[in-house]
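If you use full-length UniProt numbering, the sequence shown closes out at 157, no skipped numbers anywhere.
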Amino acid sequence: MPGKRTDVISWDEFFMRAAVAASLRSKDPNTQVGACIADTNHRILSVGYNGTPRGLEDDEFPWGTAENPLYDKHNYVIHAEANAILNYRGSLKDMDGATVYVTLFPCHECAKTLVQAGIGEVVYLDDKYDGTEDNLISKNILDRCGVSWRQMSLAAE
Ligand SMILES: Nc1nc(=O)n([C@H]2C[C@H](O)[C@@H](COP(=O)(O)O)O2)cc1CO
Ligand SMILES: [Zn+2]
Numbered sequence: 001m002p003g004k005r006t007d008v009i010s011w012d013e014f015f016m017r018a019a020v021a022a023s024l025r026s027k028d029p030n031t032q033v034g035a036c037i038a039d040t041n042h043r044i045l046s047v048g049y050n051g052t053p054r055g056l057e058d059d060e061f062p063w064g065t066a067e068n069p070l071y072d073k074h075n076y077v078i079h080a081e082a083n084a085i086l087n088y089r090g091s092l093k094d095m096d097g098a099t100v101y102v103t104l105f106p107c108h109e110c111a112k113t114l115v116q117a118g119i120g121e122v123v124y125l126d127d128k129y130d131g132t133e134d135n136l137i138s139k140n141i142l143d144r145c146g147v148s149w150r151q152m153s154l155a156a157e
């Protein structure tokens, strides 16, 4: 009888690859972010990427930053983590203790939202805004609210 395959990818890698796949849908020319929420039973609850709210056509959207806040993408885009939570059609109870896999460390607004949704752990790939004010606030929120965070990497293919 043949033995089982053993060189399978880990759960971490599986969920992070799902987050990366979601990020490939992002229309943001500068930063594409993907998020995948997995429950404590290794089930994917939801995925999301940074994009415009429904009704605001992402093809017509001015994807830049501007001095005038009215024309700055940051004020319109829904972040990947928020979209992953909002895309979930089940009971928010399922999010209790779940892990969010994100390709970029969450901002402080998403950190608050993740905490309040019951997320227990944040696993991230990149932290390109490490040390910025927003990033420090985000880490402060997660630490004080008991949400752990750790970085992982994906092997190059
Ligand atoms: N964790 C995150 N999730 C996200 O979905 N975003 C989104 C918001 C913007 O669309 C883009 C950031 O654009 P930029 O400032 O790097 O040009 O990434 C940003 C962060 C960073 O905290
Ligand atoms: Zn955010």
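Glycine residues also receive a C-beta, built at the ideal position from the N, C-alpha and C atoms.
- Here V123 is near R150, since their CB atoms are less than 9 Å apart.
- In this structure, V100 is the residue among W11, V100 and D134 with its C-alpha nearest to the C-alpha of S148.
- For V20, the secondary structure class from DSSP, reduced to helix, strand or coil, is helix.
- With respect to the 9 Å criterion, F105 and N83 are not classified as neighbours on the basis of their beta carbons.
- For S138, the secondary structure class from DSSP, reduced to helix, strand or coil, is helix.
- Looking from the CA of P53, the closest CA among E67, H79 and H42 belongs to H79.
- When only Cα atoms are considered, W11 and Y88 end up about 20 Å apart.
- Looking from the CA of F14, the closest CA among G64, N50 and A35 belongs to A35.
- Between the beta-carbon of V33 and that of T103 there is about 5 Å, and that keeps the pair under the 8 Å contact cut.
- Here DSSP, grouped into helix, strand and coil, assigns V147 to coil.
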